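Structure record follows, encoded as structure tokens.
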Amino acid sequence: MGLLKTSWLLLLFWVVSSPLCFRFHYCYGSELSVKFLKAPPTTSRFTSAKFSFLAFEDGNRTCSSCKFRCKLDDRISLNCHQRKVSYSKLLDGDHTLEVCANRMHGFGCNHYNWTVDTVSPTAFVTASMPFTSAQNVSVNITFTEPCVGRGGFGCSSVNSCDLLVYGAGQVIPSSFTVLDQYLRYSLLVGLSPDAQYGRIVLVMNKSVCSDIAGNNFKRALGSRFFVHFDRRNVLVNLRTHVPEKLLKLNNQTRTVQATNDNNKLNVYLYFSEPVLNSSAEILRRLNTNQGDLLPIDGNTNGNRRFAFMVTNTSRRAIVTVTLDSNSIRSRHGTPASPTAPLTFLYDTERPHVILNTTSGMRTRKHTIPVWIKFMKPVFGFNSSFVSISGGYLDSFEELSGSIYIVYVKANTSTLSIKIPENVTQDVAGNKNLASNILKVKHYSVPMISSVISWVTTYIFLVTSFVAGLLTLSTTSLYSLGAFPRPSPYLISDPTRNLFRTACHIQFFALTRWLPVTLPVDYYELVRGIQWIIPYFPLPWETKIKEQIMVATSPYIGPHSFISKTHNNMINLKTSTNAESVFGLPLTAMEYRLFFETSNLKPEAEHVLGLPHSTVWRDFNRIMFWIAIIGGSLVLLHIVLSLILKFKKAHSEKKRSFGAFVFPRFELFLLILALPSICKAARSLIQGYFKHQGAAEASVIVGILVLCVVAILLLALFLFLSVGITFGKLLQYKEIHQEGQTFHWYQELIRVTLGPGKRGQWTWKTENSVYLTRLGPVFEDLRGPPKYMLTQISGSNPLKQQDDRIIASDDENEDAEAPCIQKLFGILRIYYTFLETVKRVCLGIIAGAFLDNETAKTPIVVLLSITSFQLFFLLLKKPFIKKKVQLVEIISIACQVGVFASCLMLLAKDFPEASGKKLGIFMVVLFLIGFIMLMCNEWYSLYKQTKRLDQINRSFLSGLKMFIIGLAALILPQKMIKNKIPVAQLEARSSSNGGTTPEFRYRNSSGSRSSGSLDKPWLKQIREMAKSSFTRDRSNSKVPSDPSCSKSGWSSSIWGTKTSGSSSKESSADYKSRPKGLYKDLEAIFASK
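What the sequence shown shows, in mature numbering (1 follows the signal peptide of the UniProt record, and there is no 0), is residues -29 to -1, 1 to 1059, in sequence order.
In structure tokens form, the structure reads like this:
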């Protein structure tokens, strides 16, 4: 079995190996070579190929017996004994044909490689930027294969260039660059500068070249390229879905965007060209002043549209969105143009509305103006939305979109007005809240208040006119020489009393502005006498254009005001005109001006228009009328003074005009005007704080005016201190009668009203006119006294004689008052300063509060000052005359009563009946003081009229002299002098000559005096003075002044000689001053 298998293996090996051995023998037995006679080119553009070939033996002998086999690429070899072969439908690529020849004793093969390329060459044209705004664009041409035929790609000129340019551009041949021979080229194409935008097409020319295979160039899709150029600005539109309204603002139609819907706070950016920036990059370029911005996903429309949402805003905000477009580029490379900010109003707060009235919570007017103030402008509001109870609507007026005025007529005692909620809406669509309920009580002016104020005004004006005429007549008579020596009381008495009356009326008029709700009866009274301030509307103020001050609170107080300004009135109306479609949008500042209110408290601190106009109203009113009235009076004073100057008959008196000397009258006016000036200045300062930032100039003016008032008070204090207290300018002297006894009731009067001693002020310089000029400051007050002692007991004959003392050669001496009395005299002289300070404080407090405000502290301060003044008046008894002291005590006590009543009004709410009683009580207080002052004034006028008759002291004769004095201003002096009694002119002549004639004094029946007057009364004075001054000065005692302490101080604090000086010193002084005492006595007794 094994042997058989081995035999078969050997047989198989022989069968396989025998042909191989035969072939090897054959090949190497004779060498064959195959040569191709015909073949395609190595690179052919044809898909067919034909070959012919021969076999050669030993290199040059053709083998005719050879058999040929051909094999193409990896195909099966085929017989090709015909020595030629052809192929078709060849594929592009590399091909190999192997041809083998064989015979019995030889074998040979050869192969041929060629490439079939049927693809035409093409080129791809690309530009550096398909979108550009540049002047040139760089173009690259890349061939798919080397294109060598016809010299390859070329561009020698604009017209001979294988790159064709269609559109507003052309090639720049000088920029042609060969990057890779026959494969890559570059050149620049210039874009026309005349075209702002457009498109050029870059296309390869036809039959540019051919490849190695001979395929001609063929254009493909990549053989053309589009270049878009655009040099125009890229426009940006910043928009929102916030609703738009066309409103007429300041007579101009404007676009307003406002909403209360949070879902509409989307911001959209629209570009005129697609931009290269992403949404995140654009978000970084967006800024907002309120809240945050978040991107919204959505269709960008090819990077032309971007959406964002505003979040985290406040309930009421003016949102402004701005875009920084410098870093935003379009696909052409153009930066985006700047765009205007987008501003809109987002408001979710409902409008508050406040009702107030210019008439206050009480009014006497039948037509009541009611101010309707919305905290922001509203739309669609009209008179039908006003709910009125107790009256009816008379008229309706719109001042602005947020301020309205309705005029309501009351038909009951209580009027109620309100605005219901949800009747109107603001620009954002928020409905209004309900207003406060305004209740106004209507009353009729009390008859008692109206009558008293009218009678007071009439009586005061008549009294002032009579007093002025009497003063003018007295001065005229004095210029004619009708008086031997003018009595100071001919100058001071009527004017001082009239001045105190004016101050009394002014005091009560200023209480109208106290921070307390006054009773109706008293309020109408003081309102009727406010002409003394003076407080009148300005001539150019009309009812329509009147500046009305806005009340701080609408709930209390008798008066509040609003401001109505037509120049800056904002008219908010929905526009329907076609031309308003193109209304400009509002800016952020305009939104803030027209629609935003910075303070939403229920009070109006700002009215559209001039915010400081109402602040200046009171100041302008008071200062204007002070200037007009005061200036007119001063001008009248100057005119009358000039008339008197040219009517003077005696050259030695040319510089003296009695009560018309300058600036006596001006001092009265200045002191009277100080409280009014303080009120006006303080109202400026207070108005600034009520309308913060309204007008800083008002504060400066107010402070400057108050500084001037402070300087005047300081000047008054220095004059009283240096001139009187230290005795540098003035000296006050009194006559003291020794040995007098008083009844108990007289002592009571002396303790209450003062001793009533005769006193006289003297200037350090003899016959100085300053005694009259500066008299309003001190002339009716007692000062640090220097006594002139007399020993008169029993009846006083001086009261029955003429008010003159004849010159005497006797030597008399005046006595120094004790130092304690001097100290009290020093304090008494500051009563004028205390009174002025009180009135200035009242003026400041009157200007510091609005009519509807209440405050307790100012009332307490004024009550304290006035109470101290009353205590000072009772303790020091500063006035020379007892009746003046009595009248002043009553007047100050009435003022204390008024302030006490005001404190009671602040302490508790009085029922209507109790309030009326308190008001009548305050009216009675005013009447008491006024009646006392008027009685004193008319009594002084009566006494002065009697003094005009220096002989008989008859009222009828004095009235005749009064008429003569007035006529002297018009008629010639010679005619007037004939009307003056001869005896009175003789007395004048005698007084001027310095002699001592024997005057005959007549009694009331005209007979000469006798009996008790056998011994001349002047001789009695001389003897009493001698007997008084011959006593030992060390034992003399000066009875105490009831107004002084009984302390027995013995030394004077002013360095003068005391009453305890030695007799020798007294004798020396007695000899050195024989005539001074006479002049003092004469002046004092002449002032009876």
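Ideal Cβ placement from N, Cα and C applies to all residues, glycine included. Remember, predicted model here, so these are calculated numbers, not experimental data.
Limits of the unbroken beta strand (DSSP E) element including residue i
i, result
"N107", "107 to 114"
"D151", "140 to 151"
"V324", "324 to 328"
"P340", "338 to 345"
"Q228", "223 to 230"
"R195", "195 to 201"
"I695", "It is not in any beta strand (DSSP E) - I695 carries neither H nor E in the DSSP assignment."
Cβ distance (whole Å) where residue i is taken to contact residue j below 8 Å
i, j, result
"I343", "I390", "7 Å"
"L645", "G814", "7 Å"
"A98", "V108", "5 Å"
"V867", "T837", "5 Å"
"residue 1075", "L265", "Since the first residue of the chain shown is -29 and the last is 1059, residue 1075 is not available in this structure."
"R753", "Y703", "7 Å"
"S194", "R121", "Contact flag wrong, Cβ pair sits at about 16 Å."
"L874", "F881", "Incorrect: roughly 13 Å between the Cβ atoms, too far for contact."
"R592", "P508", "7 Å"
"L61", "S19", "7 Å"
"S85", "T13", "A quick correction: the sequence has Trp, not Ser, at residue 85. Confirmed, about 5 Å."
"A307", "S296", "4 Å"
CB contact check: residue i to chain D, cutoff 9 Å
i, result
"F242", "No chain D appears in the structure shown, which is made up of a single protein chain."
Residue i versus the options, residue with shortest Cα-Cα distance
i, options, result
"F636", "L611, S654, F617", "L611"
"G161", "D151, M175, S146, Q152", "S146"
"T442", "V416, S406, L615, T282", "L615"
"E750", "S285, T466, S57, G362", "T466"
"I267", "K410, T282, N260", "T282"
"L173", "L833, S48, L159, K55", "L159"
"I374", "I860, W425, G351", "G351"
"K852", "L62, L724, Y58", "L724"
"T305", "H66, V207, F114", "V207"
"C132", "L150, P117, I112", "I112"
"A278", "T328, K699, F242", "F242"
"M905", "G698, K55, P164, S862", "S862"
"K931", "L942, L919, T230, I706", "L919"
"N248", "V90, R300, N50", "R300"
"E561", "G601, P510, T291", "T291"
"V487", "H76, I816, P92", "I816"
"C649", "C118, S420, I682, D318", "I682"
"A938", "N221, S447, I359", "S447"
Alpha helix (DSSP H) segment containing residue i, residue limits
i, result
"E512", "Careful: E512 lies outside any alpha helix (DSSP H) and carries neither H nor E."
"G120", "Neither: G120 is in no alpha helix (DSSP H) and is coded neither H nor E."
"C34", "Taken as a continuous stretch (DSSP letters only), C34 belongs to no alpha helix (DSSP H), as it is neither H nor E."
"D492", "491 to 499"
"K917", "883 to 918"
"S838", "828 to 847"
"R744", "741 to 744"
"E806", "802 to 819"
"A405", "Where A405 is concerned, there is no enclosing alpha helix (DSSP H), given that its DSSP letter is neither H nor E."
"V672", "667 to 689"
Any non-hydrogen atom of the ligand MG within 8 Å of residue i CB
i, result
"Y153", "This structure lacks the ligand MG; in fact it carries no ligand of any kind."
Counting only runs that start and end within the segment 260 to 313, where is the beta strand (DSSP E) found for 3 or more residues in a row?
263 to 267, 276 to 282, 287 to 294
* Taking the runs of the beta strand (DSSP E) that are 3 residues or longer, which of them lie wholly in the segment 70 to 109? -> 77 to 87, 94 to 98
*How about the segment 483 to 502 and the segment 465 to 475: do they share at least three Cβ pairs that are nearer than 8 Å?*
no
Three or more beta-carbon pairs under 8 Å between the segment 250 to 262 and the segment 213 to 224, yes or no? no
**Request:** Mind the definition here: the segment 365 to 374 touches the segment 187 to 201 only if three or more C-beta pairs lie below 8 Å; say whether that holds.
**Result:** no
Tell me whether the segment 423 to 432 and the segment 499 to 509 touch, counting them as touching only if at least three CB pairs, one residue from each stretch, are closer than 8 Å.
yes
Contiguous beta strand (DSSP E) assignments of at least 3 residues, all confined to the segment 410 to 435: none
Assess, as a yes-or-no matter, whether the segment 35 to 47 is touched by the segment 70 to 86 under the definition of 3 or more beta carbon pairs within less than 8 Å. yes
Tell me, please, whether the segment 822 to 832 touches the segment 586 to 603 by the rule of three or more beta-carbon pairs shorter than 8 Å.
no
Is it the case that the segment 398 to 408 contacts the segment 320 to 333, given that we only count it when at least three CB pairs across the two stretches are under 8 Å? yes
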